[in-house]
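Residue numbers (this note's numbering): 289 to 580.
Written out as structure tokens, the structure is:
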């Protein structure tokens, strides 16, 4: 059997699974991360008559102080719309310009919103439920009522908990969901049965399902106890109930499933129902993963 791994992100099996009411959830007041729209600015390196000075945009985005931003420009480390800028005083429109520092995209457009929600068990992955069941819209209702039109990136079924990205950036959302970009998702599955190395080999070799074969990019036994196991599964497929179906096919039915990670964005210690803003590093990593 594989050696027991560290429990980073492992669901607490001692906690109850009873879903909370919408009013019990905690919503973080953290300021959302910012970035520029994906539309390209045809002006290339910007112009001197309109927009905001590039060094000011970089400083407001938290990249560096204005003086340090000027140094970055002098050193040829700043790129606007695909062109290196080395001249001071260039002005850009933060709403449309694509700005990179050392090859990493900088987030500057405050109109774009990005959040991570730890979706609790029993909550529907919709903004409104016609049957009156608890849904994601109940948790983020305060932000929706404030005029922020957010939608979830992908879905988690009601019984599945964990990381859900919410945004109003359609281009990023579409690319994160598209299978051609191979964005990896990580799940912690509590299953019936004491897992062994054969389960890991079968998951990574491939499992034949009714809609075609499926395979994990990585699988690992986290813990085994009293007839149950915790299995870490990483995969980039997005078919419905894919993790549950793979494990059931291998005779390890899932009792609890938590998504803990999407690419480099991790759930960490975020409690069920909590909402937080993605930080600049997380957004930059997601952009890079999908070629934006």
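Glycine included, every Cβ here is placed at the ideal spot set by N, Cα and C. Keep in mind it's a predicted model, so treat the numbers as computed, not measured.
If you follow the beta strand (DSSP E) that residue i is in, where does it begin and where does it stop?
i, result
"residue 360", "Unbroken run through residue 360 is the alpha helix (DSSP H), 354–362; no beta strand (DSSP E)."
"residue 473", "473–480"
"residue 455", "448–455"
"residue 407", "402–407"
"residue 582", "Look at the range of the chain in this structure, 289 to 580, and you will see that residue 582 is not part of it."
"residue 517", "516–523"
"residue 563", "563–565"
"residue 545", "542–550"
"residue 508", "506–513"
"residue 388", "387–389"
"residue 271", "A question about residue 271 goes unanswered here, because the residues of the chain that appear run from 289 up to 580."
"residue 497", "495–497"
"residue 502", "500–502"
To the nearest angstrom, how far is it from the Cα of residue i to the Cα of residue j?
i, j, result
"residue 533", "residue 554", "24 Å"
"residue 524", "residue 338", "43 Å"
"residue 544", "residue 496", "22 Å"
"residue 567", "residue 395", "10 Å"
"residue 412", "residue 356", "46 Å"
"residue 446", "residue 516", "22 Å"
"residue 354", "residue 564", "28 Å"
"residue 560", "residue 426", "14 Å"
"residue 421", "residue 410", "9 Å"
"residue 501", "residue 460", "28 Å"
"residue 375", "residue 364", "9 Å"
"residue 360", "residue 345", "13 Å"
"residue 373", "residue 382", "15 Å"
"residue 562", "residue 488", "32 Å"
"residue 300", "residue 531", "Unreliable placement is indicated for residue 300, whose pLDDT of 48 sits below 50; the coordinate value is still reported in the next sentence. Approximately 19 Å between the Cα atoms of the pair."
"residue 490", "residue 528", "20 Å"
"residue 379", "residue 457", "24 Å"
"residue 328", "residue 569", "Because residue 328 sits at a pLDDT of 38, beneath the cut-off of 50, its placement in the model cannot be relied upon, and the following sentence gives the value as read from the coordinates. So the alpha carbons of these two residues sit roughly 22 Å apart."
With 16 other CB atoms within 10 Å as the buried threshold, where does residue i fall?
i, result
"residue 504", "buried"
"residue 406", "buried"
"residue 321", "With a pLDDT of 48 at residue 321, under the threshold of 50, the predicted position of this residue should be treated as unreliable, and no value is reported."
"residue 343", "buried"
"residue 349", "buried"
"residue 557", "exposed"
Could you give the residue range of the alpha helix (DSSP H) that holds residue i?
i, result
"residue 530", "530–537"
"residue 458", "458–465"
"residue 250", "The structure shown does not extend to residue 250, since the chain is modelled only from 289 through 580, so no value can be given for it."
"residue 571", "568–577"
Between residue i and residue j, which are expected to be in contact by the criterion C-beta below 8 Å, what is the C-beta distance as a whole number of angstroms?
i, j, result
"residue 587", "residue 424", "As displayed, the chain neither begins before 289 nor continues past 580, which places residue 587 out of reach and without an answer."
"residue 480", "residue 540", "7 Å"
"residue 512", "residue 482", "5 Å"
Does the stretch 568–578 come close enough to the stretch 394–408 to have 3 or more Cβ pairs within less than 8 Å?
Because the criterion of three Cβ pairs below 8 Å is met, the stretch 568–578 and the stretch 394–408 touch.
Say whether the stretch 442–456 touches the stretch 543–555, bearing in mind that this needs 3 or more beta-carbon pairs closer than 8 Å, one atom from each stretch.
Enough Cβ pairs lie closer than 8 Å, so yes.
May I ask you to verify whether the stretch 359–376 touches the stretch 384–391, counting CB pairs closer than 8 Å and requiring at least 3?
Under the three-pair Cβ rule at 8 Å, the stretch 359–376 counts as touching the stretch 384–391.
Give a yes or no on contact between the stretch 462–470 and the stretch 508–517, applying the rule of three or more CB pairs nearer than 8 Å.
Verdict: no, contact absent.
Is it true that the stretch 414–425 meets the stretch 469–478, where meeting means three or more beta-carbon pairs spaced less than 8 Å apart?
No: fewer than three Cβ pairs fall under 8 Å.
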